Every structure is written in structure tokens, then in C-alpha cells.
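Remarks on the structure that follows.
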Amino acid sequence: MTPIIHIENIHKHFGSVRALNGVSLDVEKGEVVVIIGPSGSGKSTLLRCINRLEEFDSGKIIVDGIPLDTAENINAVRTEVGMVFQQFNLFPHLTVLQNVMLAQKVVRKRGNIESENIARELLNKVGIHEKANSYPGQLSGGQQQRVAIARALAMNPKIMLFDEPTSALDPEMIQEVLDVMMDLAKEGMTMVVVSHEMGFARAAADRAILMDGGQIIEEATPDVLFSHPKEDRTKLFLSKIL
Amino acid sequence: MTISQKTPAQAKQGRYFDRWWFLLAAVIALILLLVLSKPDPFWRIILYVKAGIWTTVSLTGISFLLVLIVGLLVALARLAKSKVLVGISTVYVEVIRGIPLMVQLIFWYFAFPSVVQGIGHSLNIQSFIDFKTDAISMAILGLTICYSAYMSEVYRAGIQSISKGQMEAARSLGMNYFQAMRYVILPQAIRVIMPPVGNEFITLLKDSSLVSVVAVADMTRRGREFMAANFIPIQTWLMIALLYLVMTLLAGRLVAWMERRFRMEK
């Protein structure tokens, strides 16, 4: 079976800093991959390369059979790949409902009624249907992040990328977001998650990856990686965050 | 009592300097002039200048609409990835902002037609050789080109004030650049730029008086003609000044009202 995400030897630098230094990674359909690593290890950059929010210098990425090269292909990939950001990035001038409807109408060309139905269904699923007419500024961080997940799901993505989805949240709000992500994983969504939430990784991930210095240092099942790491750098990193 | 503290009475007094009062005062002054000074020169001045008022209003209105469009295009060009677009738009903005509006207006009216005809002669293009224009079109062209340079900077600041994550979120949902601008960035930027855009409009309204030197019969030019024929400069310019004042104060109130509306919608 061909992997749904195929990343081959990509390099990227910001000025003189090497952000990615020859990263290769295959993700199978339905797989949940968690990426951990110290800040500046290139994990977010790698994630952002998958939907080409970040350009890379060399290497190759193929998503669902589409190579990331021309502008049309990049847009095609983006409609298949949902992304959830650390800072939520909801559209503050639109209501929650409108946030979830906008791209459906503009990109998927769905009608008002159809996109509203889908939006309400998804808001229901992430548990904030009662806030449909509120503005993002009136919601808590956890609620905003759940709206952001619903907004991405409304495009019927085949893959979901999560860029530190709980890092900007107050501790008591982390679980409500993780619960939604857990449900998604159970439903068989392909997910690449940059996060240090060990509990989530152990419960939902098929594979955990440690990145450092723009490279993949070690990859294994979460239990093996967290409990019996082979590499010294993994041990060092885990000793700091546990 | 310390100086910074305001008593309720003083705070209330502050409201007498609400801008509505200025507008009201200007309108009352205008009416008093018209009613009290009989047999008056003021009605005659207004009647003579009437066509000019309409010219000033429509000239400002048309130019401003064009400025809103051209300014946005220039701002997008300055923010584009293409080095060519950035280069051209930067040169345009810097050159135009460095030349007085009066000089630009004179160029478009007196020099530009000759430039076109000259090119027509050297390249032998008949329609260029026959190029003729009128004062109003050249005035609109001059005002638009000048003010678009300033307006593009207003737009640019507004667009750049929106966090990068907004564009990324829109793009990650599959929107292209223009869809993201249209539905996500600009609606937010408009709230930010409303006050400076309003200022630009009022400044344009006042600066439009400069077109009187390039044969456009606006309010200012009609005033000058009236003065030349009747030798009553004080009354004439009092009247013209009052008319401008009422117009700019009215525009100021309109802008403030729109600002409030936009803020409430959020």
C-alpha cells in the first residue's frame, strides 16, 4: 500500500539555521503519528511543509498521490489536509458558525443550507453547538480550538495536522481538546500531531517520533519510545519533560 | 484639587466641544449670513458658486472611489512576492509622494497631452496625435494618481496589522490568495483603516480646491471669478470658506458614524 504522506529527504534552512536536515517519513492511511522534540528541532516546520505553508529547499513530498509542486497541486493538497494551529487562528470577524461555513462555501462551493447543516453537525460533534452564534473572542481557548478543529473537518480532509494544539491552553482546557482528537483517531482519521501530550500519544498514536536538530532521531510505538528509548538524545529529552 | 481630576461638571462641559457643535455652529453662521445681510451679496455668491459646489463634490467623490480601488491594487502589489511588482509599486509611491500635488495637477493638464502627442508623432500613431482631453478628466486623473499613493500606504498598514496566522489558516483551508484577502484579511483590515481612510477623504476634499488652477470650475475657481467681477473679496472668501467648512465637518461626522457602525458589527 502506498503511504498517504510520503516525505523524502527534505531540507530547509532559515538563513544559516538548518531547520530540516534530510527528513524522510511515510505515513500510512489511518495512522496517527505524534512528533515530539525540543523547541527548534524542526517538528513544526516539518508539519507546515506537508501542506506547504512552509516552502522547503530540496526533497520531495507527495500527499495522497499529489506531489507538492505547482500552485494548483498545492491548493488541491490543502483542501485534503486540515490543519489546527497552536494559536487557533479563528476568523475573529465571523461567528463560530460562519467560521466553519466560510471555506465550505468559498472552496468547496457548497450552498448556504448544505454548509450550515454540515457546520452545525460538526459543532455538535465537538460539543459547542450552543455557541454557534458567538464570536471567537467570546469563547475560552479550549472552545476556540474545538471550533478550529470543526472548521478544518468541514472540508472533509483525509489528513489532519495538529501543530501543538494544546500548548496555548490553560491546563483545565487541554483534556476537552484531546478528547475530540481522540475521537477523531478512533474514527480512523490520518493524523500527524506535534504535541508533548504523552497521555494522548500513548492512548491514540500508532507511532511516536523524536526530532532534534532538524532530523528524526528515533521512531517507535509510543510505549517503546517513552519507556525504553534507545538513543541518548531521546533519553535526555524525555528526562526533561517527564 | 489636583489638576488631572475632572469634576462631573467639567466632564459635562467637555461635551460642548463635541464635533457636532462645530458643524451646527458652521451651519448657523451660514444661515445667519444669508438671512441677516439684506440686501446681501451672500445669496448672489451662493447662486454664482452653486455649479462649483457640485463640481467639487462630484470631483472628490469620483476621485475617491478610484483612489479606493487603485490604492488597494498598489498595496497588494507592494505586498506581493514578485520583485517586479514590488519594485514598480515602490517607485510609484515614493516618486508621487515626493512631488507636490499642485505640480502633479499642472503636469497632467498642461504637459501630459503634449507628451502623448509627441509620442504619437515619433511613432506615427494617429490616435495619439489627435489626443485631446478636458480639464475635469485630467483633474480626476491627477487626484487619483496622487492620492492612491498615500492610500496604498494606509491599506498596507491595515493588511500588515492582521496577524500572519489569519492568512495561514485561510490558505490551509484551501482558499487561494485572493479568496483569503477577500473573505478573511480585508474585512478585518477595513475596521483598522477606517479612521485614516476618513482622513484621506477629508484631505482630498480640501485639496480638490487646487484643481482651480487647471481650468476646472470648482468652488474655489467660481469664487475667484465672482470676486474678480464684483470686488468684494471679504464676503466672497468668507462664504467659500464656510461652504468648505460645512462640507468637511459633515464628512467628518459621516466617517465617525461609519466607524461606530463597523465597530458594532464586530
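Residue numbers (my numbering), protein chains in the order written: chain P, 114 to 355; chain V, 150 to 415. The beta carbon of each residue, even a glycine, is placed where N, CA and C say it ideally should be. All figures in this text were calculated on a predicted structure; none of them were measured in a lab.
Among the options, which residue has its Cα nearest to the Cα of residue i?
i: Pro190 of chain V; options: V:Ala364, V:Lys230, V:Val242, V:Ile381; result: V:Ile381
i: Gly143 of chain P; options: P:Ile330, P:Arg320, P:Asn164; result: P:Arg320
i: Ala132 of chain V; options: V:Glu374, V:Arg410, V:Arg412; result: The structure shown has nothing for residue 132 of chain V, since chain V only spans 150 to 415.
i: Ile330 of chain P; options: P:Glu344, P:Ala317, P:Glu285; result: P:Glu344
i: Ser238 of chain V; options: V:Phe256, V:Ala226, V:Ile248, V:Gly247; result: V:Ala226
i: Gly250 of chain P; options: P:Ala216, P:Arg223, P:His206, P:Asp292; result: P:His206
i: Arg131 of chain P; options: P:Asp182, P:Thr158, P:Asn225, P:His341; result: P:Thr158
i: Ala329 of chain V; options: P:Val307, P:Leu215, P:Val197; result: P:Leu215
i: Ile301 of chain V; options: V:Val216, V:Ser186, V:Arg168, V:Ile195; result: The sequence shown places Ser at residue 301 of chain V, rather than the Ile named in the question. Closest option to Ser301 of chain V, Cα to Cα, is V:Val216.
i: Val307 of chain P; options: P:Lys348, P:Ser152, P:Pro342; result: P:Ser152
i: Val303 of chain V; options: V:Gly236, V:Ser271, V:Ala288, V:Arg340; result: V:Arg340
i: Ser297 of chain V; options: V:Phe261, V:Phe213, V:Pro262; result: V:Phe213
i: Asp139 of chain P; options: P:Gly155, P:Thr115, P:Ser154, P:Ser129; result: P:Thr115
i: Gln256 of chain P; options: P:Asp292, P:Ile120, P:Gln328; result: P:Asp292
i: Met295 of chain P; options: P:Val239, P:Glu332, P:Ala267; result: P:Val239
i: Val147 of chain P; options: P:Glu243, P:Ala298, P:Val260, P:Lys222; result: P:Ala298
i: Ser358 of chain V; options: V:Leu183, V:Ile180, V:Thr209; result: V:Thr209
Using C-beta distances below 8 Å, list every residue in its chain close to residue i, excluding the 5 sequence neighbours before and after it, in chain order.
i: Asn105 of chain P; result: As shown, chain P starts at 114 and ends at 355. That puts residue 105 of chain P outside it, with no answer to give.
i: Glu234 of chain P; result: none
i: Glu408 of chain V; result: Met343, Pro344, Gly347
i: Asn188 of chain P; result: none
i: Ala319 of chain V; result: Gln328, Ala329, Tyr332, Val333, Ile334
Could you tell me which residues DSSP pairs with residue i in its beta bridges?
i: Met304 of chain P; result: P:Val145, P:Met273
i: Arg320 of chain P; result: P:Val146
i: His124 of chain P; result: P:Asn134, P:Ser171
i: His119 of chain P; result: P:Asp139, P:Ile175
i: Ala333 of chain P; result: P:Ala321
i: Gly220 of chain V; result: Gly220 of chain V pairs with nothing; no bridge assigned.
i: Met295 of chain P; result: None, per the DSSP bridge assignment.
i: Gly195 of chain P; result: P:Met273
i: Pro180 of chain P; result: P:Ile175
Does residue i get closer than 8 Å to chain V when you measure Cβ to Cβ?
i: Phe198 of chain P; result: yes
i: Phe204 of chain P; result: yes
i: Arg223 of chain P; result: no
i: Asn188 of chain P; result: yes
i: Met268 of chain P; result: yes
i: Arg259 of chain P; result: no
i: Ala216 of chain P; result: yes
i: Asn246 of chain P; result: no
i: Arg191 of chain P; result: yes
i: Leu166 of chain P; result: yes
i: Val147 of chain P; result: no
Excluding the five sequence neighbours on either side, which residues of its own chain have a C-beta within less than 7 Å of the C-beta of residue i, listed in chain order?
i: Ile308 of chain V; result: Ala224, Leu228, Ile334, Ala338
i: Ala175 of chain V; result: Leu391, Leu394, Val395, Leu398
i: His124 of chain P; result: Leu133, Asn134, Gly135, Phe169, Asp170, Ser171, Gly172
i: Lys271 of chain P; result: Ile117, Asp177, Glu193, Thr303
i: Gly401 of chain V; result: Arg168, Ile351
i: Thr282 of chain V; result: Pro262
i: Asp356 of chain V; result: Leu250
i: Gln384 of chain V; result: Pro190, Phe191, Ile194
Take the Cβ of residue i as the centre, count every other Cβ of all protein chains shown within 10 Å, and call the residue buried at 16 or more, exposed below.
i: Asp325 of chain P; result: buried
i: Gln200 of chain P; result: buried
i: Glu277 of chain P; result: buried
i: Pro180 of chain P; result: exposed
i: Asn237 of chain P; result: exposed
i: Ala184 of chain P; result: exposed
i: Asn202 of chain P; result: buried
i: Ala232 of chain P; result: buried
i: Ala260 of chain V; result: exposed
i: Val264 of chain V; result: exposed
i: Asp283 of chain P; result: exposed
i: Leu349 of chain P; result: exposed
i: Gln275 of chain V; result: exposed
Less than 8 Å between CB atoms is the rule here; does residue i satisfy it with respect to chain P?
i: Val333 of chain V; result: yes
i: Glu317 of chain V; result: yes
i: Gly314 of chain V; result: yes
i: Gln337 of chain V; result: yes
i: Ser321 of chain V; result: yes
i: Trp328 of chain V; result: As written in the sequence, residue 328 of chain V is Gln, which differs from the Trp given in the question. True, the Cβ-Cβ gap to chain P drops below 8 Å.
i: Met388 of chain V; result: no
i: Met407 of chain V; result: no
i: Tyr343 of chain V; result: Inspection of the sequence shows that residue 343 of chain V is occupied by Met rather than by Tyr. Output row for Met343 of chain V: interface = no.
i: Lys415 of chain V; result: Unreliable positioning characterises Lys415 of chain V in this predicted model, as indicated by a pLDDT of 49, which lies under 50. The coordinate reading is nonetheless provided below. Interface residue, yes.
Spatial neighbours of residue i within its chain, please: CB distance less than 6 Å, with the 5 preceding and 5 following residues excluded, ordered by chain position.
i: Leu338 of chain P; result: Ala321
i: Ile149 of chain P; result: His309, Leu323
i: Gly291 of chain V; result: Gln253, Leu254, Trp257
i: Pro335 of chain P; result: Ala314, Arg315, Ala318, Ala321
i: Arg346 of chain P; result: Asp325, Ile330
i: Arg370 of chain V; result: Ser361
Please find out if some non-hydrogen atom of the ligand HEM comes closer than 7 Å to the beta-carbon of residue i.
i: Phe259 of chain V; result: Annotation note on the ligand HEM: not contained in the displayed structure, which lists no ligands.
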